[in-house]
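> First the structure, which I've put down as structure tokens, then a few questions once you've had a look.
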Amino acid sequence: MDPLIRLSVENLAVERGGRELFRALSLLCEAGEAVALTGPNGAGKTSLLRAIAGFIRPSAGAMRFEGAAGPIEADEVRRAQCHLIGHLDGLSDSRTARAELIFAAGWTGASPAAALAGAGRFGLERVLDLDVRRLSAGQRRRLALARLMAAPRALWLLDEPLSPLDTAGRALFGEVMADHLARGGLIIAAVHDPLPIRARALAIGG
Amino acid sequence: MSAFRLLMRREIALAWGRGGGPLLAVGFFLAVTTSFPLAAAPAPARLASEAMGVSWIALMLASLLSLDRLFDRDLGSGALDLLSLGALPLEAVVAGKCLAQWVTSGVPLALAAPIGALALGAPPVAAPMVFAAALIGGLTFAFLGGTGAALALASRRGGMLIALIVLPLLIPPVIFGGAAIERFAAGSAWAGGLALLSGYSLAAVALTPFAMAAGVRNAGA
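This is how it looks when you write it as structure tokens:
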């Protein structure tokens, strides 16, 4: 697989419900870089992330994904190299944390051992056999981040990843993001609080 | 483990996790078929002549019971995003979900179907065909029901819409399956009805995943 090294978004416009959220938005993110999307509520940060993930069709503009060996099809990137953490954590309430983690590992191409190691790093060993509905919001987010960390995927799309985390969790996730960048990963994160790593800021709307 | 098998295991575990979903469908079916004779006129001969039709309709309705939640929960929890970013195309994901629905709801219902038909007074010789028709028809019910669920996903009054979209499409399999069972019990040529039912089921399995994937994509957008 050709690893993703550059994502460029050019003159993107997204409409939601007949209202234009933003237009002429351009963004460049290279391997080892993080981009922090800022802007008021409703400016379109989430929509931009979902457009990159292919869930929303932009009304104008282009997205280009480039690997070390040349351009990569957007579908190819979304299938194998992209991971999105939305403000919903994507966990099924009626299953145990362990079952959800193992499933996500298989689904994203990670090994179960890597997923369990991720859970260990986020301090989740003691809650792995609880149903997801019994976890607190912070623990659910930690579980989602352990899933993200284990997935061997270069492009991380993060929507308010820090919000339910405590101080220690934020510091920990800062380290995890720094590791990801050091391995040549790309991060695009919508944030209100500053990211605990060096990131290029991009303001949307307002 | 292949992605499809992984998905099937997740879906089957989820189906058992949501309040014993399969048991609910079987319970509904058996409740209808065993209480129908109590409400109908006390004429066993007339009841027996209607037995196959009534049990077949009860089966269809029972198999639609849990379908409105097929995609709803995964949309609500955000899990559909994760499922959309996997190795499988969304068409295969929705087909896997419907197949798991068939395994957890259609197969138990097919096992219960002969019991329900007998309770209504159907002749015991009809039992094998009731089982076969329920098994094959269950595929159609799962995939067409899933189509309705996917199309209703983005709209609010989902349940009502599912019924409106799905019921007309379920009429042909109801006719084919009912005819196959009647004829088998009467000892006449039944293969035609079963072949039509099988063909309809195969067409549903082959074609509806495209509609379902489109519906799910639209709901996520």
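Here the protein sequences come in this chain order: A and B.
For the first sequence, this note's numbering gives the first residue as 1, with consecutive numbering after it.
For the second sequence, this note's numbering gives the first residue as 1001, with consecutive numbering after it.
Where a beta carbon is used, it is the ideal one built from N, C-alpha and C, also for glycine.
1) What is the DSSP secondary structure of A/Asn41, reduced to helix, strand or coil?
2) Decide if A/Glu73 is buried, meaning its Cβ has at least 16 other Cβ atoms within 10 Å, or exposed.
3) Counting only beta-carbon separations shorter than 7 Å, does A/Trp156 have a partner in chain B?
4) Between B/Tyr1200, B/Glu1182, B/Asn1218, which lies nearest to B/Ala1048 when the distance is taken from Cα to Cα?
5) Kindly list, in the order they appear in chain A, the residues whose Cβ is closer than 7 Å to that of B/Gly1096.
6) Which value, in whole angstroms, describes the spacing of the CA atoms of B/Trp1016 and A/Asp193?
7) Could you name the residues of the same chain whose beta carbon sits closer than 7 Å to that of A/Ala53, not counting the 5 residues immediately before and after it, in chain order?
8) Is the CB of B/Ala1092 under 7 Å away from at least one CB in chain A?
9) Rounded to a whole number of angstroms, what is the C-alpha to C-alpha distance between B/Ser1055 and B/Val1103?
10) To the nearest angstrom, how far is it from the Cα of A/Glu30 to the Cα of B/Ser1077?
11) Under a CB-based cut-off of 7 Å, is B/Leu1006 close to chain A?
12) Inspect the beta-carbon positions of B/Ala1204 and B/Thr1140 and report whether they are closer than 7 Å.
13) Quick check: what's the CA-CA separation for B/Phe1028 versus B/Ile1012?
14) Check A/Arg57 in the structure and name its three-state DSSP category.
15) With 16 as the cutoff for other CB atoms within 10 Å, does A/Glu100 come out buried or exposed?
16) Just tell me which of B/Ser1198, B/Ala1185, B/Leu1151 has its CA closest to the CA of B/Pro1172.
17) Would you mind giving the Cβ-Cβ distance between B/Ala1034 and B/Ala1119, rounded to the nearest angstrom? I have them listed as a contact below 8 Å.
18) Would you report the Cα separation of B/Ala1113 and B/Ala1152, rounded to the nearest angstrom?
19) Quick check on B/Leu1065 - is its C-beta less than 7 Å from some C-beta in chain A?
20) Quick check on A/Pro40: buried or exposed, where buried means 16 or more other Cβ atoms within 10 Å of its Cβ?
21) Measure from the alpha carbon of B/Gly1138 to the alpha carbon of each residue in B/Tyr1200, B/Ser1063, B/Pro1089, then state which is nearest.
22) Which runs of the alpha helix (DSSP H) spanning at least 4 residues fall entirely within the region 1099–1137 of chain B, listed in chain order?
23) Would you check if the region 47–66 of chain A and the region 5–15 of chain A touch, i.e. whether three or more CB-CB distances between them fall below 8 Å?
24) So B/Leu1144 and B/Leu1161 are in contact, right, with Cβ under 8 Å, and what is the actual spacing, rounded?
25) Less than 7 Å separating the beta-carbons of B/Leu1007 and B/Gly1148?
26) Which of the three DSSP states, helix, strand or coil, is assigned to A/Val35?
27) Using only the alpha-carbon positions, how far apart do B/Leu1088 and A/Arg19 sit?
28) Among the candidates B/Val1026, B/Tyr1200, B/Ile1115, B/Phe1004, whose CA atom is the shortest distance from the CA of B/Leu1109?
29) Please identify the residue among A/Gly70, A/Gly123, A/Glu76 whose C-alpha is closest to the C-alpha of A/Leu172.
30) Taking 8 Å as the threshold, find out whether the region 100–118 of chain A comes into contact with the region 135–154 of chain A through three or more Cβ pairs.
31) Compare the C-beta of A/Leu28 against all C-beta atoms of chain B and say whether one is closer than 7 Å.
32) Label B/Ser1084 either buried or exposed according to how many other C-beta atoms from any shown protein chain fall within 10 Å of its C-beta, with 16 as the threshold for buried.
33) On a CA-only basis, which of B/Pro1128, B/Gly1177, B/Ala1079, B/Ile1165 is nearest B/Ile1057? Give me that one, please.
34) Against A/Ala104, what residues of chain B qualify as contacts under a CB-to-CB distance less than 7 Å, listed in chain order?
35) Can you confirm whether A/Ile56, when its beta carbon is compared against all beta carbons of chain B, has any partner nearer than 7 Å?
36) Output, in chain order, the set of chain B residues within a Cβ distance shorter than 8 Å of A/Leu101.
From the atom records:
1) DSSP places A/Asn41 in coil when its eight states are reduced to three.
2) exposed
3) no
4) B/Glu1182
5) Here the premise fails: no neighbours, minimum Cβ distance about 12 Å.
6) 41 Å
7) Arg78, Cys82, Leu84, Leu157
8) In terms of beta-carbon proximity, B/Ala1092 stays away from the interface with chain A, with every pair separated by 7 Å or more.
9) If you take the alpha carbons of B/Ser1055 and B/Val1103, they lie about 20 Å apart.
10) 31 Å
11) yes
12) yes
13) Their Cα atoms are separated by approximately 20 Å.
14) coil
15) buried
16) B/Ser1198
17) According to the sequence shown, residue 1034 of chain B is Thr rather than Ala. Rounded, the Cβ-Cβ distance is 5 Å, consistent with contact.
18) 29 Å
19) no
20) exposed
21) B/Ser1063
22) 1107–1119
23) Result yes; three or more Cβ-Cβ pairs closer than 8 Å.
24) Incorrect: roughly 14 Å between the Cβ atoms, too far for contact.
25) no
26) strand
27) Cα to Cα, the separation comes out at about 33 Å.
28) B/Val1026
29) Considering only alpha carbons, the answer is A/Gly123.
30) yes
31) For A/Leu28, the closest Cβ of chain B is not nearer than 7 Å.
32) buried
33) B/Gly1177
34) Neighbours of A/Ala104 on chain B, chain order: Leu1082.
35) yes
36) Those within 8 Å of A/Leu101 in chain B number zero; the least Cβ separation is about 12 Å.
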